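Add 178 to the 1-based position in the sequence shown for this note's numbering, that's all there is to it.
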Amino acid sequence: MNDFFSQVEEIRNLIERVQSLVDNVKNKHSDILSSPNQDEATKAQLEDAMAEIKTIAHKVRAKLKQMEMNIEYDENSDRTSADLRIRKTQYSTISRNFIEVMTDYNKAQVAFRDACKNRIKRQMEIDHDGYSTSKTVSGRY
Numbered sequence: 179m180n181d182f183f184s185q186v187e188e189i190r191n192l193i194e195r196v197q198s199l200v201d202n203v204k205n206k207h208s209d210i211l212s213s214p215n216q217d218e219a220t221k222a223q224l225e226d227a228m229a230e231i232k233t234i235a236h237k238v239r240a241k242l243k244q245m246e247m248n249i250e251y252d253e254n255s256d257r258t259s260a261d262l263r264i265r266k267t268q269y270s271t272i273s274r275n276f277i278e279v280m281t282d283y284n285k286a287q288v289a290f291r292d293a294c295k296n297r298i299k300r301q302m303e304i305d306h307d308g309y310s311t312s313k314t315v316s317g318r319y
């Protein structure tokens, strides 16, 4: 059982690291959107954080899958019911926590993408209006 709890603790630590990186990604998104100039260092930091999230998330998924398989095996063997309930509850809790963190990350990504789309749209509208105005002023319209 101690081995199981050490696995749970390891997965919880990985999930906390992902949550920390998600918060970092949100801050980088905010920095990028609030800056008129594109900062390559911020973009690089954002890419690094996103790559680390992807790597850790893959590890967590693999560990959760292994834990699920172990629980299924324990259900088929003569494991005590209290022990099995504890394992199922722990698995369920950390799985839910991981899903919440990854959903938060996905929402942040979608919000950033939408904000970038709106920013590009506004820039195109401004450029188009500026183009029309300059043609009108020069008399070539």
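Just so it is clear, CB atoms sit at the ideal spot from N, CA and C, and this is done for glycine as well.
This structure is a prediction, so every number in the text was calculated from the model and none was measured.
CA-CA distance, residue i and residue j?
i, j, result
"Cys294", "His306", "18 Å"
"Thr271", "Lys221", "34 Å"
"Arg291", "Ile298", "11 Å"
"Asn133", "Ile193", "Any answer about residue 133 is impossible in this case: the structure gives the chain only from 179 up to 319."
"Asp209", "Val200", "14 Å"
"Lys237", "Thr258", "29 Å"
"Pro214", "Glu188", "41 Å"
"Val196", "Asn205", "14 Å"
"Ala240", "Asn191", "15 Å"
"Lys243", "Glu303", "49 Å"
"Ser312", "Ser212", "Residue placement at Ser312 is flagged as unreliable, the pLDDT there being 49, under the threshold of 50; a coordinate-derived value is accordingly withheld."
"Thr281", "Asp226", "19 Å"
"Tyr283", "Asn296", "20 Å"
"Gln216", "Ser198", "24 Å"
"Glu250", "Arg263", "12 Å"
May I ask which residues mark the beginning and end of the alpha helix (DSSP H) holding residue i?
i, result
"Thr220", "218–254"
"Asn191", "180–212"
Measuring CA to CA, which of the options is closest to residue i?
i, options, result
"Val203", "Ala240, Ile304, Ile231, Asn275", "Ile231"
"Ser273", "Asp261, Asn254, Met245, Ala286", "Met245"
"Gln287", "Arg263, Met228, Tyr251, Gln223", "Met228"
"Asn180", "Glu278, Arg265, Val279, Tyr283", "Arg265"
Do residue i and residue j have their C-beta atoms within less than 9 Å of each other?
i, j, result
"Gln149", "Phe183", "Lying before the first or after the last residue shown, residue 149 is absent from the chain, which here runs from 179 to 319."
"Ala289", "His207", "yes"
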